[in-house]
Structures are given as C-alpha cells and as structure tokens.
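All remarks here apply to the structure that follows.
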Amino acid sequence: MIVAQRKPIDEILAMLAGCRRVLVLACGGCVSVCLTGGEKQADILASQLRLAAKARGQEMDAQSDCITRQCDREFFADLKADPAGFDAVLSIACGVGVGYMSELYPAVRVLPGLDTTFYGANVGPGQWQEYCHGCGQCMLAWTGGICPIARCAKSLVNGTCGGTKDGKCEVSPEMDCGWYLIYQKLKAAGRLDELLAIRPPPDWAKDRSGGLRRMSVEELADLGKE
Amino acid sequence: MTNQASDRYVSSLQAALAGGQFVFTGEIGPPKGVSVEKCLHQAEQYLKGRVAAVNVTDIQTAVMRLGSLALSHLLAERGMEPVFQMVTRDRNRLALQSDLLGAYVLGIRNVLALTGDHVSMGDHPQAKCVYDLDSVGLLSAMTMLESGHDLGLDSKGAPNVLEGSPKFFKGCCVTPCTEEVAPQIIKLEKKVAAGAQFVQTQAVYEPEAFDKFMGEVRRRGINAPVMVGIVMLKTVAMGRYMNSSVPGVKVPEATLDRLAKAAKDDRQKVSIEICAELVRAMKPFCQGAHLMTLGWDHCVPEIIRQAT
Ligand code: SF4
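Listed in order, the protein sequences are those of chains A and B.
Here the first sequence is numbered in the working numbering, starting from 1 and rising by one per residue.
Here the second sequence is numbered in the working numbering, starting from 1 and rising by one per residue.
The following block contains the structure:
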C-alpha cells in the first residue's frame, strides 16, 4: 500500500491562507489503513482548521467528506457537495489522489494535506515500513524477496558496502542493512550462489529517470473501444 | 609520473606490485576550498620518493571539498603518481565515464573504485544520492572503456565505440575485519571479476584476523595484490570512536592501553611504532601497506623506516 504522513498543521494553514470554505477530502484506500487520510482523520483535521481560524479571529467553514478512492474517476460521483463550491479542497489522499483530482477538476484548487512517503506494509501496531521502490524492474527473485533498491540506503545491486555494522546500515543504527538481510536469507536458504553473479547497473529509465511512466493493458483498452 | 611504467604496466604502482616488492602508498585529502599548496607541499616533502603512489580521496565522508581528479592531476604535475579515488555516490554513469576519460588524458592511471559514504554522514545531508552504478558497476565501466566502448548502446544495440581507449590500473576496497566477513569476500570476488587488479583494505589493527581473512581470500582464488590499510592511531579517543562507530574497524584494548600509557610527548612516537609493527606483522600475508596518516604526513618516512 501507499503510505503517507500528515503535513505539519502550520504548513497546511499556510497553504489555506485566505480560504474561507474548505473541503477536507479523505480517501478510503491506503491512507485510511495507515490512519492518516481516512474519514476520521478528515473530520479531525476539519475541526482543527475551524479552531485554528477562530484562534486568529477568523472564520473558516471547513467541511469533510470521504470517497472510496481518489484514484478512480467513478468514485468522485459520490461527493456530497460540488468541489467547485469551495475555495480549496484539502485532499488527504496520497499524491496520486491529489494529482488525479486536480486533473479531473481543473477549476478547483486541490491542495495536499499529506506527504506521500513510500510503498510499504504494516509491520507492527502503528508501524509501516518501506518494501518496494517501484523501480520498474523487480529483482526480488534473486535477493530472497528483500529489495535492495528500497532497503539498501544506496540501492546497491551487487552486495553490501563497507558501512554495515552489526547488521545495521551506516545511515542509522536503527536501520537494518538491506544487504545484511539479503545475505542472511540466502545463506539460510542455501542459495548464496545467487550473490556471486555480477548484476548489471539497473536501467533507471524504468524508474523515474525515463520520465512519466504509463501502463496499458490491451484487453481493457480494446474493451474501452467497443 | 609513469617513469617505471612500461608497455606491460600502465603505472609505477602496478609495476612495483608486479615486481614483488612490498609496496607502500600514502593518502592525502583535498582541502575544503582552493588552498591546495599546503597538502601538495606536505605530499612533496614527506611522500614523494617514499611511497609508490598517493591516494587522493574523493569527497571523503561526503563532506564537500575540492575534487580528487583536480588534486590527482596536480600531484602528477609535481612528479607524484596519484591513485585517483572515485566514489559512485555523486556522479551518474555519464559523468563517471567522462571523468575517467578526463583522468586518462591528464596522465592519471591508477583508479580506486569505491561506493562512497552515504550523504547523510557528511555536511550536505539533503543532497540527492546518485549511486547510478555501484563499485562493481564502476569497475565494469572502466573495463568497458579499456575495451574501446562505453556502457551505452548505439541504435543497433551494440556498445558505443570510443575514439581511442584508456588503460587503467584498477583498484577496489574491502573491509577485512568486519564481524561477518563472508559477504565482503563475495563482493570482493565480484569486484575482481569485474576488473579490479589491486585491493586496498579498510584499517586493520588485528593481524590475526587479517591473516584469517587473507587465507579465505586466497582460498577462494582471489589473487589480486592486497595492500593492507594502516590508519594512524593518533589518540586513544580516536581508537574508542572507531571501535564504537566505524564499521569493520576494531582497535584491541592492548593497543589503546599502550597509547594511553605513553607520556604525552611520546604519543606520536608510539603511534609510529604501532603502525610500523602492524605493517611488519602483516607483511607476510599481503603485498603492500596503504598508510593513512590523517594529516600526520611527516610520520610516513619513519613508519616506513621502522617497518622495513
Ligand atoms: S550499510 Fe547496508 S543498507 Fe546501508 S548502504 Fe551499506 S549495504 Fe546498503
């Protein structure tokens, strides 16, 4: 899932300067699971905004709403009110939702309430961790299912650097060394040979360096034409 | 600068290692700024004629400073053979390959391929990490350039052809005294397969551990010459810091004790002795020593004298 964090309230208030009617729009997808962009968070944020405005002697009509997903056109039909009626929509979806809604409603000012951070999984109560970087060339087959692009701080593909210490990364003693994990996993599986192959430099054109990435599934595209 | 280099060898360092003599190299760090005279003068005074080559660090510990290519060139101009250190942290494959060609036309032949410390360890922690290639990739790039091609492909999918190809003496690094040494050796094997012709190690203070490491390296059929890394232990505090914070470096308590017990005026003398003893103890297992004196360049002549 996509993990995102709430922006600091001061940054949100600065974005909303001058706005009187604001819609805080939640998303029922990933960000509700990580408890930053769900319905409840939208209610709380809307009341925070009203209080903050009041504290400065201003009035803000901050309402909240939630749709199933902000990355699919059909769900926008469920909006309780027309977004055009607001000075701004503060979307607390991930950046995909913010961007997609901006495109769907060119005349509406859609602002981000979250910082979208990574693709991760829930690893403990209230804890999410990055597992994938979306590099476009999955190499988990030969790394014991542990991603060196996402989990090595340097995204190295040929094994550990000299900075690993007691299984931790040189960047922080709290961060596991991705290559230490890969090594232990392959060792336990009796597959250390995988590590001996020289891996060519990644094709970063499949990552962000190639510009905007798109995907089309022909069957669906054909259905659309019919 | 390549006076000993012949048709067979591209640099004096390569010739010296091939000649079977025990080889010393030194190291200088470029300044943060443009005042190069001091470090060049130190190198000229204490390293020139005493070491086979002088490493020039590349934006070491991710602290922004003068680049290693420029200082390597200045060393060469003053008759000292540089080892141009190159980290993959700051440049993508276009810039790395281009700088390798640049180094070659400036007369630089020894290149040490390193990953480089993460930017979070330096003084620009917000910088974007590049790591387009890793150290194995950089060594492969050098090998590719030597073959007259680069890493790119032309419209027919064949490697691009160069107008004139360089020739390097290619080095790599390894950490021999880390808790788990097998992953280091696996990576070393790949670096050598990718083209590394000599190896420099991280600091070693434990000759027995190094002996074991070298046994394993040779057992795996890695035959490239290895130069053991000797980092001058200047203070007890520095040793303690390395023990707690520098991965793969362990300074034994006995060594720290020895330095602690020395009278203040004798500390430097004892530091020199420790370096020289380490070199003597490890000489039987390796082909040279890379001396990192961290600014105490004036100690190099005495370390070499005592170690030989
Ligand atoms: S210590 Fe491990 S995770 Fe950190 S950069 Fe080095 S190899 Fe990658």
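C-beta: ideal position from N, C-alpha, C; glycine also.
None of the values given here were measured: they were computed from a predicted structure.
- Between G229(B) and L256(B) the beta-carbon gap is near 18 Å, outside 8 Å, which marks them as no contact.
- Residues V63, M64, R65 and L66 of the same chain have their beta carbon placed closer than 8 Å to that of K32(B), with the five preceding and five following residues left out of the count.
- Contact holds between the region 81 to 98 of chain A and the region 17 to 34 of chain A, because three or more Cβ pairs, one in each stretch, are under 8 Å apart.
- Judged by beta-carbon spacing, E81(B) lies within the 8 Å limit of A53(B), meaning their Cβ atoms are closer than that value.
- One residue after another in chain order, those with a Cβ under 5 Å from a heavy atom of ligand 1 are C152(A), A153(A), K154(A), T160(A), C161(A), G163(A), T164(A), C169(A), E170(A), C177(A), G178(A) and W179(A).
- Judged by DSSP secondary structure, I303(B) falls within the alpha helix (DSSP H) whose first and last residues are V300 to A307.
- Judged by DSSP in its simplified three-state form, M86(B) adopts strand.
- Against chain B, the CB of W179(A) has a partner CB under 8 Å away; the residue lies at that interface.
- Take T175(B), set aside five residues on each side of it, and the residues of its chain with a beta-carbon closer than 6 Å to its own are Q184, Q202 and G248, in chain order.
- Judged by their CB atoms, F198(B) and G221(B) are not nearer to each other than the 8 Å cut-off.
- In this structure, the CA atom of V24(A) is about 24 Å from the CA atom of W128(A).
- Contact annotation for K187(B) against chain A: N158, G159 and T160 [CB-CB distance below 7 Å, chain order].
- The beta carbons of L40(B) and G26(B) sit no closer together than 8 Å.
- Here DSSP, grouped into helix, strand and coil, assigns K156(B) to coil.
- Residue range L114 to G124 is occupied by the beta strand (DSSP E) that includes T117(A).
- With a minimum length of 3 residues, the unbroken runs of beta strand (DSSP E) contained wholly in the region 232 to 299 of chain B fall at 288 to 292.
- Taking C-beta atoms under 8 Å as the contact rule, L114(B) and M86(B) qualify, at a distance of about 7 Å.
- Not a single CB atom of chain B sits nearer than 8 Å to the CB of L23(A).
- Using a Cβ-Cβ cut-off of 7 Å, E179(B) is close to D166 of chain A, given in chain order.
- In terms of Cα proximity to P83(A), the closest of Q63(A), K154(A) and L45(A) is Q63(A).
- Nearest C-alpha to V56(B) among T308(B), R305(B) and G295(B): G295(B).
- For the region 191 to 205 of chain A, the beta-carbon criterion of a distance under 9 Å to any beta-carbon of chain B is satisfied by L192, L195, L196, A197, I198, R199, P200, P201, P202 and W204.
- L138(B) is positioned such that its CB atom lies closer than 8 Å to that of L96(B).
- Setting aside the 5 residues that flank it on each side, C34(A) is surrounded in the same chain by V3 and W128, each with a C-beta closer than 6 Å to its C-beta; the list follows chain order.
- Residue contact check for K80(A) against chain B: no CB pair falls below 8 Å.
- Partner residues in the beta bridge of C169(A), as assigned by DSSP, are S172(A).
- In this model, D43(A) and K80(A) are separated by some 14 Å (Cα to Cα).
- Taking a Cβ-Cβ cut-off of 8 Å, V204(B) has no neighbours in chain A, whose nearest Cβ is about 13 Å from it.
- In the assembly as shown, M139(A) is an exposed residue. Its beta-carbon has fewer than 16 other beta-carbons within 10 Å.
- Across the structure, T36(A) and M282(B) are spaced so that their CA atoms are roughly 57 Å apart.
- By the Cβ neighbour-count rule, H118(B) is buried, with 16 or more other Cβ atoms within 10 Å of its own.
- Taking a C-beta distance under 8 Å as the contact criterion, I59(B) and D90(B) qualify as a contact pair.
- Cβ-Cβ distances below 8 Å link F22(B) to K283, Q287, G288, A289 and T308 in the same chain, with the five nearest sequence neighbours on each side left out; the list follows chain order.
- Among the bridge pairs identified by DSSP, D65(A) is matched with L25(A).
- CA-to-CA, the gap between C129(B) and C135(A) works out to about 15 Å.
- Taking 8 Å as the cut-off, the Cβ atoms of I28(B) and H73(B) do not count as close.
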